[in-house]
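Asker: Going by the working numbering, the sequence shown runs without a break in its numbering and finishes at 145.
Ideal Cβ placement from N, Cα and C applies to all residues, glycine included.
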Amino acid sequence: MEPLNDTVANLEGMLPIRVKAETQVGEVLSMLVERSIGCVFIVDDQEKIIGVFSERDALLKLGVQFADCLDQPVSDFMTENPESISESARIAFAFHQMDIGGYRHLPILDGAEKAKGVISVRDILGYFTTELAGTANS
8 MEPLNDTVAN LEGMLPIRVK AETQVGEVLS MLVERSIGCV FIVDDQEKII
58 GVFSERDALL KLGVQFADCL DQPVSDFMTE NPESISESAR IAFAFHQMDI
108 GGYRHLPILD GAEKAKGVIS VRDILGYFTT ELAGTANS
């Protein structure tokens, strides 16, 4: 299956949304909803990723008491030091990392360790579908 050997650069991931550690949870939740995205990256002053806050974090870490957390900094609930990959990594490797780690999103970093993009399981499955359909039609 050739698409597995293609690189992550071939995927149509999204540009990452970045916030600072002190950004309030309520503001981040609004971003997730308004932009229909699954996660935001928390970055330091040098724009390096220090964490990720995802829909899953909202459900599992905020829970039913989320209203009490809206004014707290997102850093209190983020997943620290998330797994990431370079855009030269193979799609198979990205898919494997997501499967083993239970991740739905994976940051793509540039050579300076700054967020260049984010890919999701949906991005990978969409790529496979397109590539396999092209193979079947040829």
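Please state whether the Cβ-Cβ distance between V125 and F84 is less than 8 angstroms.
Answerer: Residue numbering aside, residue 125 sits at position 118 when the sequence shown is read from its first letter. Residue numbering aside, residue 84 sits at position 77 when the sequence shown is read from its first letter. No, these two residues do not count as a Cβ contact at 8 angstroms.
Asker: Give me the Cβ distance between T136 and V81, rounded to the nearest whole Å; I'm assuming they're in contact under 8 angstroms.
Answerer: Numbered from its first residue, the sequence shown carries residue 136 at position 129. Numbered from its first residue, the sequence shown carries residue 81 at position 74. Not quite, the Cβ-Cβ distance comes to about 34 angstroms (not below 8 angstroms), so this is no contact.
Asker: Could you work out which residue in F73, F60, P10 is closest to K27 when comparing CA atoms only?
Answerer: Translated into positions along the sequence shown, residue 27 becomes position 20. When each option's Cα is compared against that of K27, the closest is F60.
Asker: Mind the definition here: the stretch 86–93 touches the stretch 49–57 only if three or more C-beta pairs lie below 8 angstroms; say whether that holds.
Answerer: Judged by Cβ distances under 8 angstroms, the stretch 86–93 makes contact with the stretch 49–57, as three or more pairs qualify.
Asker: Considering only C-alpha positions, which residue in the set G58, G109, L36 is nearest to V128?
Answerer: For the purposes of this step, residue 128 is taken as the residue at position 121 of the sequence shown. The residue with the shortest Cα to Cα distance from V128 is G109.
Asker: So what does K68 bridge to, in DSSP terms?
Answerer: The sequence position of residue 68 within the sequence shown is 61, counting from 1. In DSSP, K68 forms no bridge with anything.
Asker: Compute the distance between the beta-carbons of S91 and L116, then report whether it is under 8 angstroms.
Answerer: In the sequence shown, counting from the first residue as 1, residue 91 sits at position 84. In the sequence shown, counting from the first residue as 1, residue 116 sits at position 109. Against a cut-off of 8 angstroms, the Cβ pair of L116 and S91 comes out as a contact.
Asker: At 3 residues or longer, and completely inside the stretch 25–70: list those beta strand (DSSP E) runs for me, N to C.
Answerer: The stretch 25–70 contains these whole beta strand (DSSP E) runs: 25–27, 46–50, 56–61.
Asker: Return helix, strand or coil for M105, following the three-state DSSP convention.
Answerer: For the purposes of this step, residue 105 is taken as the residue at position 98 of the sequence shown. Correct three-state label for M105: helix.
Asker: Look up A122 in the DSSP assignment and say whether it is helix, strand or coil.
Answerer: The count along the sequence shown starts at 1 and reaches residue 122 at position 115. Three-state DSSP puts A122 in a strand.
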